[in-house]
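Data block below; observations after.
Residue numbers (the numbering used here), protein chains in the order written: chain A, 1 to 593; chain B, 594 to 1186.
Structure below.
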């Protein structure tokens, strides 16, 4: 867990406090850095037997606070209803004159609580019809409730209210100050669920990324590459906000944060665009926004890769995969030579991205394609390189068909898991434990979270077979279970996302274990399984991931090449699953028994 | 023309003026009502033979003004390049931290003029490839240039720069303060051109309306009706901004402005949604936004109509059609009984709107439809009434198959056109002339602009035949020419839009006359044919209308029931027309000879 208590917590400056009419008070404030205006008008009324009560009022104004003292006679045991309605607007709202006027106008026209609440309930009942996952579980009471708890929180974070706003998916939702509201890659886990429910929401999230394409281009140039490099932790204007270091609470020492090297986020964005496209066939989006992002990201990878003539392979160096325990090679000076070479997760997803970029070149009208290419200056040689790279990217292997997490993984030491498990109650954050012992996870074959197994989460066996074949690497029927076993035995699950990915990949080979991991992932934000991170906000990726496990994994849904595939495999713990999906223009209501 | 000189012209309040680095100055201001922040950073550099010149600088700050005095030695005949680059942001921009920081960051990273200009030229060259109309004219040199002048101005007003902003199409573009930037119905004329070129732009304009659906609902409630009533002059938050009166410059008297009764703007919005839908098949838009607007507008009309049992017809009373000369019946007290009954343009378009609302009920998934209906509380009885109204709306007729502009039009006096034409140079604003004579256009059979003929502009003969048949009114092969002749003889063309509509409707029956009116419409903003309105801004509707004349009318394009129809008929003055169109996923390049 990270400690935010020492950081700035005063975000607002009050500009105006006043009393509007007898029962309405008003406050206007401004965020102190981004200068966003926020206005609130609050109306307080008293009712007795549904009739408004005349009462004395005294408005009290203090710095940053406005309130009313209300005097009213009330007899013993006589019910009195106090109703406070607040209208809130910000300068980021569309279709307003200015937030203050809007707040006052809204409160002047607002009905009573029951009326507002009825509209609220109706909106939620529709969201539930669209987004519910209904299931019968055997022997794990509460599973459906926990799943709905997750769905509820996803819809609190991304909803019709956010669709027309310039907002992304913050790692902790809007529920806490964890990660300071920065946008990571969590939408990768949210998209599969929402694409098949309310694709207008995922479209909006992609626009959030499109608007920051300029910042991503600058970021790529700053590290000496072409195209676009989306940041690992994205700030308001799309700048990289990954801190340089974080503190190990066990040792009190600062640890260099290399996670800006998680450039695989670039590929996650292409994955999201493609999944949205597959789910909706919204070609207008692809022409006007999606294609340009895909090209710029493909181009980034092409410029970031180097050709190694000795092995006739392209290599990508100095990156981190999703596993945050591996930030560099043992003994390396991370500030100079951070990151790893040929991260398997990174390189396989890059090969997939390059294929999709080639697809898009064919998919959009020729002139449109030509204009985008002229605008971004994309040459034929670059496209040739995409095609060449997509069959020649290096993917390291070791042992008997084990995909190495990165070059040299095989040479790392095995951790003595038994000793560490015996010594520490919770080894979720082995990075802190090892650093406190003046050691580092970089020396060991261990993962904070799924890295190679994430490939099996993103792609079906069929799709991976195509990718590995094209790259000239072996991919047999046993590749997935073998690799899952190997990495699962070496994972501390220091991230809530890890159990989702591992539950996923075990869904076909070890349904019991998959169901256990699913149940554990389901508890993430209910049981505070990381011990203390819940006050920082929910884990939106993990919450969406468990829903996706039911919807996409257990139902075996895959969208590929304009076809929706179903290949269901329910774990024994699940009796019946009922969902309502939208695929392109079709409404589907599969019921799995 | 209207005189705006007496109105407020100070819109900005300066907040901050300072000097950033040697060659960069900065200004931050705020609009004084809407509180929008605007920040500018300006960089000035001097170059000699492409090398930057060292020079003395003195920054001068005065109230609301910041500038630099630059000293530099320059020899006689020696070229010196002064390059000033300005970065401008506002608090309405997406993906920024705050406008000031963004302006400074942008200017710090900005290249030289040539680099910026190259990107600008490229963007325009792509827009031209997408939007050009190439034609060969006979005997009217400059037609192609004038048409491109119009296309240029449309693209200055609605462009990829506005697509992601909450902006509508102001009647005078962004070119002048005419009508104070209010949004009228001009998009009705802009849509047909842009839908088949860059539909992402028309989608954005429809979102502008969707965001103001709440304001339109309030407006309907305020006049005692249900559903949504979009305002004739829409302000920033969608409120009605039509003034109560305007001054007649000839008499110095104030005239009551009844144009808020132009409720046909509601139907124009449905027309635009439908045309966008036909052009793109963007069903996501229809499900999420379009259907709700169409239902609310249909519902407005259903509640605004009254059933007249005597004639077994529905009537709509107290409205104005597009013709602004007719604001009420002769002698009526307009403040109490303004407007006219059963405006033919209004009622026929309403019948069409009700048909489309019924279509949409079938077109969108059942659950989606149910949710929208529940949310807006739309009952089965209301829908029944739509169906009943769409076959029983009254359309008045008089004489031999003349569609009466409204009930009682036949009883108005004929104007002595000869006398007025002899007496006044320009009778474009007969309303001013008559009022100055203590008379009123309400007494006469005369129009400022096309009203009944607008029906022939919006709908093909085939579509009108279907509508009139369903309403149980005659519509013969001669209905269109007969009505065009009748109304053209009674029109003063006091609006620039009028010539467009009349040229359109004559395109098949009187090509020579159509071409003359087209040429005259083409001159609207070049020759200032209204005498003095050009400084207030361009006439965006008329400009788009003339482009549409070539693209849609002369090429005979109609989009109906998922089919794109072509039925070209070039006037003699046109040799060859070449356009590039997008219909759904298809790129079409028709060349007409």
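Positions of the beta carbon are idealized from the N, C-alpha and C atoms, including for glycine.
Residue 195 of chain A is classed as buried because its beta carbon has at least 16 other beta carbons within 10 Å across all chains shown. Here residue 640 of chain B is bridged, per DSSP, to B:645, B:674.
With contact defined as three or more Cβ pairs closer than 8 angstroms, the stretch 813-821 of chain B and the stretch 889-900 of chain B are in contact. For residue 796 of chain B, the enclosing alpha helix (DSSP H) starts and ends at 792-803.
Residue A:299 holds the alpha-carbon nearest to the alpha-carbon of residue 388 of chain A among A:299, A:317, A:330, A:451. The stretch 941-978 of chain B is shown to contain whole alpha helix (DSSP H) runs of 4 or more residues at 959-969, in chain order. Collapsing the DSSP output to three states places residue 71 of chain A in a strand. For a Cβ distance threshold of 7 angstroms, residue set 585 of chain A lies close to residue 876 of chain B, ordered along the chain.
Partner residues in the beta bridge of residue 901 of chain B, as assigned by DSSP, are B:906. Taking residue 1088 of chain B as reference, the option from B:1054, B:1024, B:932, B:1069 with the minimal CA-CA separation is B:1024. Residues of chain B whose Cβ lies closer than 9 angstroms to the Cβ of residue 200 of chain A are, in chain order, 877, 878, 880, 881, 882. Taking CB atoms only, residue 958 of chain B has a neighbour in chain A less than 8 angstroms away. Rounded to whole angstroms, the gap between the alpha carbons of residue 1178 of chain B and residue 1155 of chain B is 13 angstroms. DSSP places residue 840 of chain B inside the beta strand (DSSP E), whose first and last residues are 838-840. Looking from the CA of residue 656 of chain B, the closest CA among B:695, B:612, B:606 belongs to B:606. At a cut-off of 8 angstroms, the C-beta of residue 33 of chain A has a neighbouring C-beta in chain B. Beyond the five residues adjoining it in sequence on each side, residue 518 of chain A comes within less than 7 angstroms, by CB distance, of 503, 546, 549 in the same chain, given in chain order.
The beta carbon of residue 220 of chain A sits closer than 7 angstroms to those of 226, 227, 228, 229, 300, all from its chain and outside the five residues before and after it, given in chain order. Taking 8 angstroms as the cut-off, the Cβ atoms of residue 871 of chain B and residue 785 of chain B do not count as close. Residues of chain A whose Cβ lies closer than 8 angstroms to the Cβ of residue 689 of chain B are, in chain order, 236, 237.
Against chain B, a Cβ distance below 7 angstroms from residue 352 of chain A picks out nothing, because the smallest value is about 25 angstroms. For residue 280 of chain A, the C-beta contacts it makes with chain B under 7 angstroms involve 877, in order along the chain.
Look at the stretch 599-639 of chain B and you find no whole run of alpha helix (DSSP H) that is 4 residues long or longer.
For the set B:939, B:766, B:658, the Cα lying nearest the Cα of residue 1132 of chain B is the one of B:766. Chain order gives the chain B residues near residue 129 of chain A as 960, 963, 964, where near means a beta carbon separation below 9 angstroms. Secondary structure of residue 767 of chain B (DSSP, three-state): coil. Contact with chain A is found for residue 804 of chain B, since one of that chain's Cβ atoms lies less than 8 angstroms from the residue's Cβ.
Among the bridge pairs identified by DSSP, residue 583 of chain A is matched with A:586. Just so you know, the alpha carbons of residue 40 of chain A and residue 365 of chain A end up roughly 48 angstroms apart. Contact between the stretch 315-332 of chain A and the stretch 443-457 of chain A is established, with three or more Cβ pairs separated by less than 8 angstroms. The C-beta of residue 216 of chain A has 16 or more other C-beta atoms within 10 Å across all chains shown, which makes the residue buried. Taking 8 angstroms as the threshold, the shortest C-beta distance from residue 126 of chain A to chain B falls below it. Per DSSP, residue 1153 of chain B is one residue of the beta strand (DSSP E) stretching across 1151-1153. Nearest to residue 92 of chain A by alpha-carbon distance, out of A:241, A:462, A:37, A:138, is A:37. Within the stretch 35-46 of chain A, the residues whose Cβ lies closer than 8 angstroms to any Cβ of chain B are, in chain order, 35, 36, 37.
In the assembly as shown, residue 280 of chain A is a buried residue. Its beta-carbon has 16 or more other beta-carbons within 10 Å.
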